[in-house]
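2 protein chains.
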Amino acid sequence: MGGGMRAVTVVPGTAGSLRVEDVPEPDVGLGAVLVEALAVGICGTDAEIAEGSYGWSPPGDDRLILGHESLGRVVDPGASGFDVGEHVVGIVRRPDPAPCPNCAVGEWDMCSNGDYTERGIKAVDGFMAERWRIEPEYAVRVDPALGVLGVLLEPTTVVAKAWEQIASIGRRTFWDPQTVLVVGAGPIGLLGALIAVQHGLEVHVLDRVEAGPKPDLVKELGAIYHTGGIADVGLEPDIVLECTGVVGLVQQSVANVSPGGIVCLTGVGPAAAIEASATALATQAVLKNLVIFGSVNANRRHYYRAAKELAAADRGWLEELITRRVGLEEVQAGLQRQPEDIKVIVEMA
Amino acid sequence: MGGGMRAVTVVPGTAGSLRVEDVPEPDVGLGAVLVEALAVGICGTDAEIAEGSYGWSPPGDDRLILGHESLGRVVDPGASGFDVGEHVVGIVRRPDPAPCPNCAVGEWDMCSNGDYTERGIKAVDGFMAERWRIEPEYAVRVDPALGVLGVLLEPTTVVAKAWEQIASIGRRTFWDPQTVLVVGAGPIGLLGALIAVQHGLEVHVLDRVEAGPKPDLVKELGAIYHTGGIADVGLEPDIVLECTGVVGLVQQSVANVSPGGIVCLTGVGPAAAIEASATALATQAVLKNLVIFGSVNANRRHYYRAAKELAAADRGWLEELITRRVGLEEVQAGLQRQPEDIKVIVEMA
Numbered sequence: 044m045g046g047g048m049r050a051v052t053v054v055p056g057t058a059g060s061l062r063v064e065d066v067p068e069p070d071v072g073l074g075a076v077l078v079e080a081l082a083v084g085i086c087g088t089d090a091e092i093a094e095g096s097y098g099w100s101p102p103g104d105d106r107l108i109l110g111h112e113s114l115g116r117v118v119d120p121g122a123s124g125f126d127v128g129e130h131v132v133g134i135v136r137r138p139d140p141a142p143c144p145n146c147a148v149g150e151w152d153m154c155s156n157g158d159y160t161e162r163g164i165k166a167v168d169g170f171m172a173e174r175w176r177i178e179p180e181y182a183v184r185v186d187p188a189l190g191v192l193g194v195l196l197e198p199t200t201v202v203a204k205a206w207e208q209i210a211s212i213g214r215r216t217f218w219d220p221q222t223v224l225v226v227g228a229g230p231i232g233l234l235g236a237l238i239a240v241q242h243g244l245e246v247h248v249l250d251r252v253e254a255g256p257k258p259d260l261v262k263e264l265g266a267i268y269h270t271g272g273i274a275d276v277g278l279e280p281d282i283v284l285e286c287t288g289v290v291g292l293v294q295q296s297v298a299n300v301s302p303g304g305i306v307c308l309t310g311v312g313p314a315a316a317i318e319a320s321a322t323a324l325a326t327q328a329v330l331k332n333l334v335i336f337g338s339v340n341a342n343r344r345h346y347y348r349a350a351k352e353l354a355a356a357d358r359g360w361l362e363e364l365i366t367r368r369v370g371l372e373e374v375q376a377g378l379q380r381q382p383e384d385i386k387v388i389v390e391m392a
Numbered sequence: 044m045g046g047g048m049r050a051v052t053v054v055p056g057t058a059g060s061l062r063v064e065d066v067p068e069p070d071v072g073l074g075a076v077l078v079e080a081l082a083v084g085i086c087g088t089d090a091e092i093a094e095g096s097y098g099w100s101p102p103g104d105d106r107l108i109l110g111h112e113s114l115g116r117v118v119d120p121g122a123s124g125f126d127v128g129e130h131v132v133g134i135v136r137r138p139d140p141a142p143c144p145n146c147a148v149g150e151w152d153m154c155s156n157g158d159y160t161e162r163g164i165k166a167v168d169g170f171m172a173e174r175w176r177i178e179p180e181y182a183v184r185v186d187p188a189l190g191v192l193g194v195l196l197e198p199t200t201v202v203a204k205a206w207e208q209i210a211s212i213g214r215r216t217f218w219d220p221q222t223v224l225v226v227g228a229g230p231i232g233l234l235g236a237l238i239a240v241q242h243g244l245e246v247h248v249l250d251r252v253e254a255g256p257k258p259d260l261v262k263e264l265g266a267i268y269h270t271g272g273i274a275d276v277g278l279e280p281d282i283v284l285e286c287t288g289v290v291g292l293v294q295q296s297v298a299n300v301s302p303g304g305i306v307c308l309t310g311v312g313p314a315a316a317i318e319a320s321a322t323a324l325a326t327q328a329v330l331k332n333l334v335i336f337g338s339v340n341a342n343r344r345h346y347y348r349a350a351k352e353l354a355a356a357d358r359g360w361l362e363e364l365i366t367r368r369v370g371l372e373e374v375q376a377g378l379q380r381q382p383e384d385i386k387v388i389v390e391m392a
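Heads up: the sequence lines are chains B and Y, in that order.
Each number in the working numbering comes from the position in the first sequence (counting from 1) with 43 added on.
Each number in the working numbering comes from the position in the second sequence (counting from 1) with 43 added on.
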């Protein structure tokens with residue numbers, strides 16, 4: 044731990060700039076707690092940054108250390124209340140020093156002026172390095188019995204927030220939801236289905252693949268797997284959790300959700316070759332009293348909820364979500380999406 | 044009050060079928076309270092029914108008495124607690140005898156199975172007649188000092204519900220809204236602006252007309268009038284109340300609302316010549332943590348709120364909303380939309 048460490052860095056905005064290289068030990072300015080990395084999850088945002096289409100480097104630096112889905116072991120807690128050896132995950136977003144009202148009350152996930160920073164994404168180095176530092180108040184304990192599965196905490200916070208918002212918005216009226224349709228069986232969709240089952244709902248999951256691990260993962264939850272169009276599910280779900288961002292599926296979600304229902308959008312998809320019309324969407328929203336809402340990011344509350352939800356899940360099931368593991372030096376291979384991928388992680392030696 | 048009365052009837056689904064004719068006195072099965080009509084408001088739904096593109100007649104009847112924006116004077120309260128001479132408005136929607144869970148708890152405005160009925164729209168005669176009957180529990184008292192302005196209660200319930208939902212949905216996070224943009228200065232938009240001003244918000248109203256009563260009505264509220272595109276308002280409003288249903292304006296609303304904001308849709312517009320894309324809409328909903336929700340109809344709670352809001356409004360201002368008054372025999376002229384119209388009413392002799 045002397046003169047440096049290996050890390051994955053990229054020049055944001057420059058395609059092909061990703062490299063695994065020696066960098067200095069993490070600056071103490073990033074936080075009092077020194078953490079040894081155990082694993083880092085890879086998601087679509089990392090791929091976008093690697094392709095040069097997203098991301099910002101820290102002020103004064105060309106390069107950004109990538110990675111925001113963290114898991115590590117405390118090696119030096121500094122003056123914090125953590126113990127050496129505890130497993131922790133770093134919260135991704137930070138409020139601006141001159142915070143908006145939401146950031147000021149700790150709801151930086153709902154930042155209203157866009158002046159936040161994000162570890163590994165926006166203006167602060169991320170977690171794809173042998174070691175990283177974090178402020179004690181932005182480190183969240185995870186059950187060490189989860190082992191490397193603790194790396195699923197950050198994606199779980201996305202659905203923990205979505206569910207919190209669904210429950211809160213649902214209180215606008217009398218509402219006793221029974222059924223949920225999850226669209227897209229990627230990591231967010233499957234973790235969303237997990238939490239929906241934990242909430243006692245009848246859960247349906249729709250994806251385009253007919254084989255591979257997804258149908259089994261859904262069945263193992265006690266949920267029902269579907270392929271085809273949303274109308275073919277034969278159900279007016281009370282809730283739709285749309286995780287693909289594919290506009291045709293957004294439109295089908297709005298068309299098929301129950302009157303008074305809630306459609307939660309978590310995915311940002313590509314523009315479709317044939318654009319779906321916003322007219323039908325807006326008309327149905329009115330006539331069916333629908334809520335359509337988007338959700339991104341998470342605050343401390345969602346990390347704590349997600350940590351409980353992960354700890355309550357079946358370990359074998361969570362293991363199956365991680366379909367590929369690469370070493371830090373092989374991160375390029377990890378970023379190349381493969382058809383069978385659900386969650387790909389970088390696992391430290 | 045012997046053998047019959049004048050009423051406006053239509054064969055739903057048949058264009059050109061509207062007539063003003065003699066019909067029997069209202070059946071006592073419609074309610075114990077007999078009411079003498081004072082006025083009935085005309086809205087877009089009435090025009091649609093008159094054009095044969097909406098509406099359902101009562102079971103066993105070909106013709107439906109039109110009219111759902113009511114105001115009348117109690118002439119025979121039956122065994123109800125009303126006094127002769129009180130001013131009342133009839134609630135429009137009724138739950139099905141085999142109600143859905145929402146209807147069962149009195150939230151028929153959020154009916155989840157579509158099996159409701161509506162006075163003057165769906166399977167029950169409306170209020171465009173010299174006299175009508177109503178169940179005591181579906182009659183709402185209005186301040187008699189409002190005079191004929193009480194006919195504005197029903198459209199006010201639409202915005203009372205919208206505001207209740209905005210406030211309730213807003214509690215999903217810390218939220219301290221300061222600014223609202225109302226899109227469309229028709230009756231719903233102007234009544235929405237009135238309530239927003241009553242709530243202490245900074246209110247902006249956008250419409251396409253440059254002259255006529257609308258700019259003055261907005262200024263008289265202490266609100267700010269705009270024409271042009273939504274981006275030209277030069278504001279990221281916390282709330283947008285979209286009252287036109289024009290898809291291009293829905294899209295501009297979503298593009299310009301503040302992150303974490305709420306867009307409420309109350310209008311159902313025509314399909315646009317150039318369709319707006321649902322992709323941009325869905326992407327912005329996610330990245331900005333937006334809620335987009337539609338609102339239609341109202342329950343008893345919204346009638347009571349709206350009655351208080353109307354009673355608190357400036358009478359002169361409300362008078363200006365009613366830009367044209369026709370007699371029952373001239374209802375055809377009232378249904379023909381004219382450029383200067385805001386609210387047109389049928390006023391009884």
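A virtual CB, placed ideally from N, CA and C, is assigned to each residue, including glycine.
Minimum Cβ-Cβ distance from residue i to chain B less than 8 angstroms
{"i": "residue 96 of chain Y", "result": "no"}
{"i": "residue 326 of chain Y", "result": "yes"}
{"i": "residue 52 of chain Y", "result": "no"}
{"i": "residue 66 of chain Y", "result": "no"}
{"i": "residue 104 of chain Y", "result": "no"}
{"i": "residue 259 of chain Y", "result": "no"}
Chain B residues whose Cβ lies nearer than 7 angstroms to that of residue i
{"i": "residue 211 of chain Y", "result": "214 and 215"}
Bridge partners - residue i, DSSP secondary structure assignment
{"i": "residue 337 of chain Y", "result": "Y/308"}
{"i": "residue 268 of chain Y", "result": "Y/248"}
{"i": "residue 177 of chain B", "result": "B/76"}
{"i": "residue 99 of chain B", "result": "B/165"}
{"i": "residue 263 of chain B", "result": "DSSP, once it has assigned bridges, lists no residue as partnering residue 263 of chain B."}
{"i": "residue 52 of chain B", "result": "B/62 and B/108"}
Partner residues on chain B for residue i, Cβ-Cβ distance less than 9 angstroms
{"i": "residue 142 of chain Y", "result": "Going along chain B, no residue has its Cβ under 9 angstroms from residue 142 of chain Y, so there is no contact; the nearest lies around 12 angstroms."}
Endpoints, the alpha helix (DSSP H) within which residue i is located
{"i": "residue 201 of chain B", "result": "196 to 213"}
{"i": "residue 238 of chain B", "result": "230 to 241"}
{"i": "residue 292 of chain Y", "result": "290 to 299"}
Reduced DSSP category for residue i - H, G, I as helix; E, B as strand; rest coil
{"i": "residue 91 of chain B", "result": "helix"}
{"i": "residue 130 of chain Y", "result": "strand"}
{"i": "residue 2 of chain Y", "result": "The question about residue 2 of chain Y has no answer here: the residues shown for chain Y are numbered 44 through 392."}
{"i": "residue 153 of chain Y", "result": "helix"}
{"i": "residue 360 of chain B", "result": "helix"}
{"i": "residue 112 of chain B", "result": "strand"}
{"i": "residue 380 of chain Y", "result": "coil"}
{"i": "residue 372 of chain Y", "result": "helix"}
{"i": "residue 344 of chain Y", "result": "helix"}
{"i": "residue 172 of chain B", "result": "strand"}
{"i": "residue 192 of chain B", "result": "helix"}
{"i": "residue 139 of chain Y", "result": "coil"}
{"i": "residue 44 of chain Y", "result": "With a pLDDT of only 49 at residue 44 of chain Y, under the threshold of 50, the placement of this residue in the model should not be trusted; the figure read from the coordinates follows. If DSSP states are grouped into helix, strand and coil, residue 44 of chain Y belongs with coil."}
{"i": "residue 148 of chain B", "result": "coil"}
Chain B contact residues for residue i, given Cβ-Cβ distances below 8 angstroms
{"i": "residue 303 of chain Y", "result": "145, 153, 154 and 155"}
{"i": "residue 294 of chain Y", "result": "321"}
Chain Y contact residues for residue i, given Cβ-Cβ distances below 7 angstroms
{"i": "residue 60 of chain B", "result": "Within chain Y, no residue comes near residue 60 of chain B; the closest Cβ sits about 24 angstroms away, beyond 7 angstroms."}
{"i": "residue 160 of chain B", "result": "By Cβ distance, chain Y contributes nothing, its closest Cβ being about 16 angstroms from residue 160 of chain B, past 7 angstroms."}
{"i": "residue 309 of chain B", "result": "329"}
Cross-chain neighbours of residue i in chain Y, by beta carbon under 9 angstroms
{"i": "residue 334 of chain B", "result": "208, 212, 334, 335, 336 and 337"}
{"i": "residue 200 of chain B", "result": "Simply none; closest approach about 14 angstroms."}
Residue i, enclosing beta strand (DSSP E) - first and last residue
{"i": "residue 82 of chain B", "result": "76 to 85"}
{"i": "residue 284 of chain B", "result": "282 to 285"}
{"i": "residue 326 of chain B", "result": "Looking at the DSSP string, residue 326 of chain B is not in any beta strand (DSSP E); the run it does join, the alpha helix (DSSP H), is 321 to 330."}
{"i": "residue 161 of chain B", "result": "160 to 162"}
{"i": "residue 182 of chain B", "result": "182 to 184"}
{"i": "residue 223 of chain B", "result": "222 to 226"}
{"i": "residue 388 of chain B", "result": "386 to 390"}
Minimum Cβ-Cβ distance from residue i to chain Y less than 8 angstroms
{"i": "residue 139 of chain B", "result": "no"}
{"i": "residue 150 of chain B", "result": "yes"}
{"i": "residue 89 of chain B", "result": "no"}
{"i": "residue 219 of chain B", "result": "yes"}
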